[in-house]
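> Read top to bottom, the protein sequences are chains R and X.
Here numbering that gives the first Met the number 0 is used: position 220 in the first sequence is 219, and no number is missing along the way.
Here numbering that gives the first Met the number 0 is used: position 154 in the second sequence is 153, and no number is missing along the way.
Positions of the beta carbon are idealized from the N, C-alpha and C atoms, including for glycine.
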Amino acid sequence: MKTNQGFLSIKSLTFSYQPQAKFVLRNFSCEIPLGTRTAILGLNGSGKSTFLNLLLGMLPPDSGSIKLQDYSSRQDLSSINGAVGYLPQLENIPFDYLVHQYVMLGRLSHIPLFSVPDENDQNIIREVLDSLKMADFYDKRLREISGGELQRVRLARILAQEPEIILMDEPATHLDIKNKRSLYELINDLHNEGKTLIYSSHDPLEISDTSDYCVLMSQNKETRFVATYELKDSDLLSEYFETELRL
Amino acid sequence: MNFPKLSHPESPVTLNKPSQISTSHLWLVLILIVLIALFIGRYQLDPLQELPDADSVFWQLFFRIRFPRILLAVIAGAGLAVSGLVMQTIFHNPLADAGIMGVSQGAGFGAALGILLFGNQLIWVQTSSFLFSLIALALTILLSSEIGRGKILPLVLAGIAVSALFSSGLGIIKYLADPINQLPGIVFWLLGSLSAVNWGIFTRSSIFILPILVFFFFYRWRLNIHALDKQVSFSLGMKTSWETYLILTAAVLLTAVIISVSGIVSWVGLIIPNFSRVVFGADTKSTMINTILLGGIFMIICDTLARTLLPGEIPLGIFTALIGSALFVFLLTTRKIRA
């Protein structure tokens, strides 16, 4: 296992959708070590997607900062081009791309403007598809493959991007039990390769073996950052999910 | 590193289907069709006879009228098709074209106004058409930013409103126009034609058309990114919307220049990119050049029919719509395009 030095440093992050509205996040700080798995947990409407959008940089925070810090540098996450890979819950792909053409789009931040992918990019696409055991799918059309396979192809697009951090918005929600298991296996595989994964889930019972840290969110409570093992035999989950719940 | 040799062959670009048509075939067809088109028309060259004298009527016609017209048909067809490809990609919709931004109606209104005010002075009709298509574009963008900045749907809604505005304006002008002297001119313009093209017009319009075509050719791979959801393209590194607006404007400008010269030539921007995607796949890296070539080929075929089928000139838009819709029905019924 590759060890990463450095962490994602979130300082006093505050955000609300309107000036007078309730805060989705208020003064939230945490340090997520690179190379770990973090699950964002909460009920529907607790702000999980908002938090992911803040990490992605799509939403500017009202105040506070999100920085990537390693032994040599410290810079805003949003200022590093292509640093964050993002897997939306649902993705509309209007045209019928072939798998390798779609995965290639992940290379955007590595390919100069007015240029096309080169040999090296092609090789990376093959390596990535290989590593996900998807080499057979290279030439398949996106509309020919199943939902679980498409999920893997979308992850391949993120791996081709070679991001510092991989964000996933409820990746397990639309999957059946078999594909759910293979997704969590994949999360662990990626973790073993040293990738940093942050994903949201509304089912805390699923994440105990696939997360090192949890961010607990609720409409009525301050957001909390805890190690997953701390949730064992604690009342925290019951509090944040407003129903009796134990790991 | 060893890659397993599975379904993917050595060549980096593989088509959806083992399609037999390649880009070089299209080049060949384009050149052939240009040559054929050059030698048919009202004054035909008999290949068995000796070439006519250098200053004969034939060569006058050939160089001064037929040659620029055919060249313009090539770049206009290419331009309309590329414009359609770009719009369809940005709007995530295979049925979009530049008309969605209100430019066609703007151009139609402008041309009709030009005919009403300046009669047969072509340069003013074209200028007015071009100006009003730009005004329509500006109105659409302004209005859409009032509805919701940086999003795609407001552009569509604003485009519908602006189109309706200019088509009602066009209705007023048609109502006011002299039915003997002006109305036929307006109707003819609205159906599209390249019959007035000369070297002057060719030069004026190619100054705009060619650089934009070259721009899009080099932009061809990156154009794909606009087909993705906003959050995904943002995460991949396309962080501002100015780039989208820039290529949107370039695509619309392309159409505005072309239809200010040709009149409303419908269906090229819609059918050619769809046909091109069916044959060459969704990746705009390979679809772009083929769309350019197919657009040129399609336009020359239509324009040649328009000028040779009957003794008089038939409006070009009639043929583009006729052949275009037939092609569309074919693609739909054979499930090449999925509804």
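1) Quick check: does the Cβ of SER132(X) come within less than 8 Å of any heavy atom belonging to the ligand MG?
2) Going by C-alpha distance, which of GLY63(R), LEU185(R), TYR183(R) is nearest LEU24(R)?
3) Count the other CB atoms, across all protein chains shown, that sit within 10 Å of the CB of GLY193(R); report buried if there are 16 or more and exposed otherwise.
4) Would you say LYS10(R) faces chain X, with C-beta separation under 9 Å as the test?
5) Under DSSP, the alpha helix (DSSP H) around GLN160(R) begins and ends at which residues?
6) Among ILE186(R), ILE157(R), ALA20(R), ILE9(R), which residue has its Cα nearest to the Cα of ILE206(R)?
7) Would you check if the stretch 179-199 of chain X and the stretch 235-245 of chain X touch, i.e. whether three or more CB-CB distances between them fall below 8 Å?
8) Which same chain residues end up closer than 7 Å to CYS301(X) when comparing Cβ atoms and leaving out the 5 residues on each side of it in sequence?
9) Can you list the alpha helix (DSSP H) stretches of 4 or more residues lying completely in the stretch 66-136 of chain R, in chain order?
10) Going by the CB atoms, is the gap between LEU158(R) and GLY81(R) shorter than 9 Å?
11) For chain X, check one thing: does any of its Cβ atoms lie closer than 9 Å to the Cβ of ASN52(R)?
12) Measure from the alpha carbon of TRP266(X) to the alpha carbon of each residue in GLY105(X), GLY98(X), PHE57(X), THR22(X), then state which is nearest.
13) Short of 7 Å in beta carbon distance, which residues of its chain neighbour ARG151(R), apart from the five on each side in sequence? Order them along the chain.
14) First and last residue of the beta strand (DSSP E) that includes GLU250(R)?
15) What are the residues that DSSP puts in a beta bridge with MET216(R)?
16) Please state the DSSP three-state secondary structure of PHE318(X).
17) Answer with buried or exposed for THR283(X), where buried requires no fewer than 16 other C-beta atoms within 10 angstroms of its C-beta.
18) Give every residue of the same chain whose Cβ lies closer than 7 Å to the Cβ of GLN218(R), excluding the five residues on either side of it in the sequence, and list them in chain order.
19) If contacts are defined as beta-carbon pairs under 8 Å, then SER103(X) and GLY113(X) qualify, I think. What distance do you get, rounded to the angstrom?
20) Looking at chain X, is there any beta carbon in it that lies within less than 9 Å of the beta carbon of GLU30(R)?
21) Hey, out of VAL81(X), PHE62(X), TYR218(X), LEU309(X), whose CA is closest to SER275(X)'s CA?
22) List in chain order: all unbroken alpha helix (DSSP H) runs of 4+ residues lying wholly within the stretch 131-189 of chain X.
23) My understanding is that GLN68(R) touches PHE113(R), with C-beta atoms under 8 Å, so please give their C-beta distance in whole angstroms.
24) For LEU209(X), which option in SER23(X), ILE39(X), LEU70(X), LEU60(X) has the closest C-alpha, if you only look at C-alpha atoms?
25) Measuring CB atoms only, is the stretch 277-292 of chain X touching the stretch 89-98 of chain R, in the sense that at least three cross pairs come out at less than 8 Å?
26) Where do the N-terminal and C-terminal ends of the beta strand (DSSP E) with PHE62(X) fall, by residue?
27) Just verifying my parser: in three-state terms, what is the DSSP assignment at TYR198(R)?
28) Mind listing the chain R neighbours of LYS91(X)? Cutoff is C-beta to C-beta under 8 Å, in chain order.
29) Using a Cβ-Cβ cutoff of less than 6 Å, which residues in the same chain neighbour LYS335(X) once the five nearest sequence positions on both sides are dropped?
30) Once the 5 residues before and after LEU55(R) are set aside, which same chain residues still bring their CB inside 7 Å of it?
31) Mind listing which residues of the stretch 50-72 of chain X have their C-beta closer than 7 Å to chain R's C-betas, in chain order?
32) Nearest CA to the CA of SER132(X): which residue from ILE206(X), ALA325(X), VAL256(X)?
33) Could you round the C-beta distance between THR35(R) and PHE22(R) to whole angstroms and report it? I think they count as a contact, below 8 Å.
34) Please list the segments of the alpha helix (DSSP H) lying wholly inside the stretch 198-227 of chain X, counting only runs of 4 or more residues, in order along the chain.
35) Under 9 Å between the Cβ atoms of VAL369(X) and LEU130(X)?
36) Along chain X, which residues have their Cβ under 8 Å away from the Cβ of PHE113(R)?
Once the coordinates are examined:
1) Looking for the ligand MG in the displayed structure turns up nothing, as the structure carries no ligands at all.
2) GLY63(R)
3) exposed
4) no
5) 146-160
6) ILE186(R)
7) no
8) LEU315, PHE318, THR319, ILE322
9) 98-103, 118-130
10) no
11) yes
12) GLY98(X)
13) LEU131, MET133
14) This structure leaves residue 250(R) out entirely; chain R is present only between 0 and 246.
15) GLY41(R)
16) helix
17) buried
18) GLY44, SER45
19) Contact doesn't hold; Cβ gap of about 16 Å is too wide.
20) no
21) VAL81(X)
22) 152-175
23) That pair is no contact at about 34 Å.
24) LEU70(X)
25) yes
26) No beta strand (DSSP E) holds PHE62(X); DSSP gives it neither H nor E.
27) strand
28) A small fix is needed here, since residue 91(X) is His in this sequence, not Lys. Those are ASN91, PRO93, listed as they occur along chain R.
29) VAL277
30) VAL83, TYR85, LEU166
31) none
32) VAL256(X)
33) Contact doesn't hold; Cβ gap of about 26 Å is too wide.
34) 198-217
35) Nothing about residue 369(X) can be read from this structure; chain X reaches only from 0 to 338.
36) PHE217, TYR218, ARG221
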